[in-house]
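The sequence shown begins at 7 in the working numbering and counts up one residue at a time. Below you'll find the structure, written out as structure tokens, and then a few comments.
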Amino acid sequence: MSEALELEQSYSKEEIISELRRLADALEQGQPFEMMLDGTQIQVPPDVTVEFEYEENEEEHELEIEFKWNPA
């Protein structure tokens, strides 16, 4: 079994607006969504499951959008 891969990248407000718009367009058209994340090409299939996760504590609030799919 291979090791799990975890990538993380921060985006400016303008960059995330553009990426989310491209993602919404791809999902609406039933097309895969491709993006670069920390130098790795990621392809999200159109039948992806989307989950929202919210956490808060005294120091910060956090909203995560998770996209889940099974590998081909």
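Idealized CB from N, CA, C, for every residue including glycine. Since we're looking at a predicted model, the values are computed, not measured.
According to DSSP, residue pairing for I23 in a beta bridge does not occur. As a beta-bridge residue in DSSP terms, Q47 pairs with M42.
Taking every protein chain shown into account, the CB of F39 has 16 or more other CB atoms within 10 angstroms, so this residue is buried. Remark: C-beta atoms of L33 and Q15 do not approach each other more closely than 8 Å. In terms of Cβ geometry, E61 and E72 do not form a close pair [threshold 8 Å].
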